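For reference, the structure discussed in these notes is given below.
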Amino acid sequence: MTGFIRARSDEQKAQRIAEVKAAAVHQFETRPYHEITLTTIADELGWSRANLYKYVATKEEIFLLVDADEYRAYFEALLAALPEGCGLTADVVAEVWAGIANAHQRYFRLGEILSAIIETNVTLERLIEFKRGYLAYVDAMAERLPLLLPIDRAQVHPLIESVYFHAVGAAGICRSNPLVVQALRELGAETEHDFRAEMRDFIGMCLRHHAG
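Here it is in structure tokens:
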């Protein structure tokens, strides 16, 4: 990673933020969240903390930006895979949706700490921007799903939330921390989890309920 050079243009600032997010994502994939700090992120970038503070005030601000990237990628994939008039059955929609959820597990793993940690240490302005973007995608899905299945528009938001919260739990179980794995092994209570299959079954159940 190159040393810090102060960004002057909006394009350069966006590039610096992208570098910060990439470092945060790398650390999220390789260490527990509580071990990630602004110092560890700055060190990975080859920056000082003072330079990092020019772009973000807390590590939670970084992860809010990361989570926004994740929900954009997730919803864009859903909208692309479920085009208007595609003629898919509910079971096929569930299969497609589960595959997309499986490919975006980091979005759901971030969900484990979103409301309790990330959203508690950011500015109101950043949180409003984050929620506005999320709700815009929910609205897009509320327009799209009724064109594919016999589901009322008002039922789409609770459907998306049900899928999300189940996926958050399933993603956490499927990526248990080593200490939990060891404890369950000692108790002879190890279990195998197939995130994609579990999500397919759950989404199918939800679609049958909301579109029934």
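Residue numbers (the numbering used here): 100 to 311. The beta carbon of each residue, even a glycine, is placed where N, CA and C say it ideally should be. The structure displayed is predicted, hence computed values, not measured ones.
By how many angstroms is the C-alpha of residue j removed from the C-alpha of residue i?
i: V137; j: K158; result: For the sequence presented, residue 137 should be read as Leu rather than Val. Near 6 Å, if we compare the C-alpha coordinates of K158 and L137.
i: K153; j: E175; result: 31 Å
i: R115; j: H309; result: 43 Å
i: L244; j: D166; result: 23 Å
i: N201; j: R171; result: 15 Å
i: T139; j: G210; result: 22 Å
i: T101; j: D251; result: Note that T101 scores 48 on pLDDT, short of 50, meaning its location in the model is unreliable; the coordinates nonetheless yield the value given after this. Approximately 52 Å, taken between the alpha carbons.
i: H220; j: Y132; result: The displayed chain sequence assigns Asn, not His, to residue 220. Roughly 14 Å between the two C-alpha positions.
i: T222; j: G186; result: 43 Å
i: A179; j: N150; result: 38 Å
i: F162; j: A215; result: 13 Å
i: G287; j: Q281; result: 10 Å
i: V124; j: E291; result: 26 Å
i: I135; j: Q126; result: 7 Å
i: A113; j: R205; result: 22 Å
Can you tell which of the options has its C-alpha closest to the C-alpha of residue i?
i: F229; options: R295, E169, A241; result: E169
i: D300; options: Q204, A189, L248; result: A189
i: I259; options: A113, R130, T290, F207; result: F207
i: F261; options: N201, M304, A113; result: With the sequence shown as reference, residue 261 is identified as Ser, and Phe is not the correct amino acid for it. Taking only the C-alpha atoms, the option nearest S261 is M304.
i: F264; options: I212, E291, F127; result: I212
i: A266; options: E289, D293, Y236; result: D293
i: Q254; options: A193, E118, L306, L181; result: L306
i: A241; options: L181, E118, D109; result: L181
i: G145; options: T129, L164, E118; result: E118
Under the three-state reduction of DSSP, which class applies to residue i: helix, strand or coil?
i: N150; result: helix
i: G184; result: coil
i: G210; result: helix
i: S108; result: coil
i: A310; result: coil
i: I227; result: helix
i: A235; result: helix
i: T222; result: coil
i: L163; result: helix
i: G303; result: helix
i: G145; result: coil
i: H125; result: helix
i: D190; result: helix
i: T136; result: coil
i: I216; result: coil
i: A156; result: coil
i: D293; result: coil
i: M100; result: Annotation note: pLDDT 46 at M100 (below 50); position unreliable, coordinate value reported separately. If DSSP states are grouped into helix, strand and coil, M100 belongs with coil.
i: E169; result: helix
i: R130; result: coil
So residue i and residue j are in contact, right, with Cβ under 8 Å, and what is the actual spacing, rounded?
i: E183; j: L246; result: 5 Å
i: E143; j: A156; result: Going by Cβ atoms, the distance from E143 to A156 rounds to 18 Å, so no, they are not a contact pair.
i: R225; j: E160; result: 6 Å
i: E256; j: V279; result: Before going on, a small fix: residue 256 reads as His here, not Glu. At roughly 33 Å, the Cβ-Cβ gap does not stay under 8 Å, so H256 and V279 are not in contact.
Any heavy atom of the ligand FAD closer than 7 Å to the Cβ of residue i?
i: F301; result: This structure lacks the ligand FAD, and indeed carries no ligand of any kind.
Kindly indicate if chain D contains any beta-carbon less than 8 Å away from that of residue i.
i: L248; result: No chain D appears in this structure, which consists of one protein chain only.
Subject >> Length-filtered (4 minimum) alpha helix (DSSP H) runs lying within the segment 238-290 >> reply: 255-273, 277-285
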